[in-house]
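Residue numbers (full-length UniProt numbering), protein chains in the order written: chain U, 1 to 389; chain D, 1 to 329.
A quick write-up on the structure given underneath.
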């Protein structure tokens, strides 16, 4: 096992014109599971490939354990990598695929056999060792790719979107399997994904990149509850956070369109910097689960309620996602074009709320919603940075 | 000004409901419409196929059938063929030393040419596939010989290059070696013909290049991380994944090499010499047919060649299950 340190890691293309990764600084502790997440083209895979040695480093440093590895050949970095397409050799059996690295290193045959069988046992592949990858299901292929990585006992696992080729159900299953395997083996793991659910459920910490720049690196709960800026707030969480242009007046109330929402003192206590924004424009955010149906609320509180019109609802069984038209101006999160899911919530006055299954809604119905004002988020209107101190 | 023909004056009678209209504008009752349209379409298809069918029958099927008949006859073009049964085939099996020699020369030619072209084309393709600058130019340069290599002109050029006062000997002279006439020396003449054939490796190379492009980079990246060196990557990844293409090229080259004619004919000035050292099967066949006017005998030779090619091809196909890998199997 080893810690990995990325120091000012930079990758530029086209003579420095295009910065794929821009000054990335992250320390990954021994045995930690770090997820690099971000939209397509944010530089996460490039960063991973630089750690693997498959991509030249323009600037900065990569340390694996106590070794400065910038110029070290991939094979000498003591890493194993799982590729998005698994990179399984189609002409080799599962056994040979798993054993490939060991055979190359000319390990004695008996030891190779023992190691491969142990890996196959862990991954429940023992019955498939003689098959070729073409005869395996997607999940089994994924496990073979994992087997190839674990059989070498590397210090670091690098995984580049290893679940993106699987269907949704299998992805959930494999997500849990990889997570539990990593936990058992305790190998430092850097995992790249564009799927924020994977990031949140698997990582000990999540590093979120945008346009090559690190936006935030934190534990999943912290990144969810204390997003560093509007981009992080909008990217993490599904459905995404509702963000609106708003203002705070002396009340202290939040002026959200024509509605006034009273902000409890505890919010100011937690965010001392917020008092500086009284009378100034800012961006207020609230997650769908913090907007409830006032009709089913245990206690009505008109000071944190507003009315909205139901435009659409999605009954998920356990709860209902309700798309509401509200009288407030949605804030646009400036991001790369690929962020469709963020942009989809940019329409003026749209809001998504998560109602409990008890609520009964109909399209075009006017409902009163209650905000959990303790869980409001505030961001600077100019920079998009979260307002805390 | 005359009034133009109005819609009521149209020559086409509107089709009743449920009926089809033929391209001619004639309406056909619904029941018969499908059959008639199909018949018309078939007729059109055959019209388009006529040039190809004429070629197939006129140049291939009829001559091949006639040659099968002629192989059982004695025929010298000037008089009518006389039926001799299996006599031509019996003569081939016993009693024609030059025929026997041509068999060995051809086997040697095929045996050297096919592996050499395969190795050469694959090697050059692998080198070119490494993202060389000016790849398109190199690819074209290497490909051109395969287009012109089998021509008479190139055969003549080759004769000059490997002649006693040829460029090849001039080159050897630069390094202090004394040359000789490669094309008139029985020891080396076949080698020059083989060399000319190998020089036309471009077509196989282009196919290999296309196949190499299909191998995902991630295979090599994974192998790099696993510690494989360049040779190990080639032997354990590239080569097995290319086996379907090697197989394809091998079949193609084997058939082409058995049929090879022009190069040996031009270099040996039609004799197959010196001392029958370049007497390929086809050259000997040509001599018997057009110099000795023994069309029956030559036809029998052609049929034996056809069967030999079929057998060799079948052998390669049979062996494929041991060494050719297909991704989905």
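Cβ coordinates follow ideal geometry from the N, Cα and C atoms, glycine included.
All values derive from a computational prediction rather than experimental measurement.
Within its own chain, the residues whose Cβ lies closer than 6 Å to the Cβ of residue 252 (chain U), once the five positions on either side in sequence are excluded, are 263, listed in chain order. Around the beta carbon of residue 142 (chain D), a 10 Å sphere encloses 16 or more other beta carbons of the protein chains shown; the residue is thus reported as buried. Contact of residue 226 (chain D) with chain U is assigned, a C-beta pair being separated by under 8 Å.
Residue nearest to residue 8 (chain U) within the set U:70, U:39 and U:41 is U:70 (criterion: CA-CA distance). Close to residue 232 (chain D), with beta-carbon spacing below 7 Å, are these residues of chain U in chain order: 104. Distances from the CA of residue 216 (chain D) to each of D:241, D:230, D:290 and D:197 were compared; the closest alpha carbon is that of D:241. Only residues of its own chain outside the window of five on either side were considered, and among them 174 have a CB closer than 6 Å to the CB of residue 142 (chain U), listed in chain order.
Per DSSP, the unbroken beta strand (DSSP E) holding residue 209 (chain U) starts and ends at 205-210.
When DSSP reads this structure, residue 351 (chain U) sits in a beta bridge with U:324. One alpha carbon belongs to residue 295 (chain D), the other to residue 306 (chain D), and they sit about 16 Å apart.
Between residue 190 (chain D) and residue 313 (chain D) a beta carbon distance of about 23 Å is seen, past the 8 Å cut, so the two are scored as non-contacting. Looking only at D:124, D:51, D:73 and D:97, the smallest Cα-Cα distance to residue 201 (chain D) is reached by D:124. At a cut-off of 8 Å, the C-beta of residue 79 (chain U) has a neighbouring C-beta in chain D. The Cβ of residue 327 (chain D) sits closer than 8 Å to at least one Cβ of chain U. In terms of beta-carbon proximity, residue 51 (chain D) stays away from the interface with chain U, with every pair separated by 8 Å or more. Residue environment analysis places residue 65 (chain D) among the exposed positions, since fewer than 16 neighbouring C-beta atoms fall within 10 angstroms of its C-beta. For the options U:105, U:102, U:299 and U:96, the alpha carbon positioned closest to that of residue 126 (chain U) is the one of U:96. In the three-state DSSP reduction, residue 21 (chain U) falls in the strand class (E or B).
Counting only the Cα atoms, residue 306 (chain U) lies some 8 Å from residue 260 (chain U). Taking residue 250 (chain D) as the centre and dropping the five residues before and after it, the same chain places the C-beta of 114, 118 and 316 closer than 7 Å to its C-beta, in chain order. Every unbroken stretch of the alpha helix (DSSP H) spanning 4 or more residues and falling wholly within the stretch 41-117 of chain D is given here in chain order: 62-70 and 87-93. The beta carbons of residue 373 (chain U) and residue 272 (chain U) sit no closer together than 8 Å. As computed with DSSP, residue 11 (chain U) is found in a beta bridge with U:21. Residue 377 (chain U) carries a strand assignment under DSSP once its states are collapsed to helix, strand and coil. By the neighbour-count criterion, in which a residue is buried when 16 or more other Cβ atoms sit within 10 angstroms of its Cβ, residue 236 (chain U) is buried. The CB of residue 89 (chain U) comes closer than 9 Å to the CB of 219, 222, 223, 236, 237, 240 and 241 in chain D, given here in chain order. Contact check between the stretch 350-361 of chain U and the stretch 305-320 of chain U: three or more CB pairs, one atom from each, fall below 8 Å, which counts as touching. At a cut-off of 8 Å, the C-beta of residue 11 (chain U) has no neighbouring C-beta in chain D. Beyond the five residues adjoining it in sequence on each side, residue 134 (chain U) comes within less than 8 Å, by CB distance, of 90 in the same chain, given in chain order. Within chain U, 85 and 87 have C-beta atoms less than 8 Å from the C-beta of residue 216 (chain D), given in sequence order. Using a Cβ-Cβ cut-off of 7 Å, residue 74 (chain U) is close to 224 and 225 of chain D, given in chain order. With its beta carbon at least 8 Å from every one in chain D, residue 136 (chain U) lies outside the interface. For residue 190 (chain U), no alpha helix (DSSP H) run applies; the uninterrupted beta strand (DSSP E) run containing it begins and ends at 188-193, by DSSP.
In terms of Cα proximity to residue 255 (chain U), the closest of U:184, U:223 and U:304 is U:304. Per DSSP, residue 111 (chain U) lies in no beta strand (DSSP E); the unbroken alpha helix (DSSP H) holding it starts and ends at 109-122. Using a Cβ-Cβ distance cut-off of 8 Å, the stretch 218-234 of chain D and the stretch 73-87 of chain U are in contact, since at least three pairs of beta carbons, one from each stretch, lie closer than that value.
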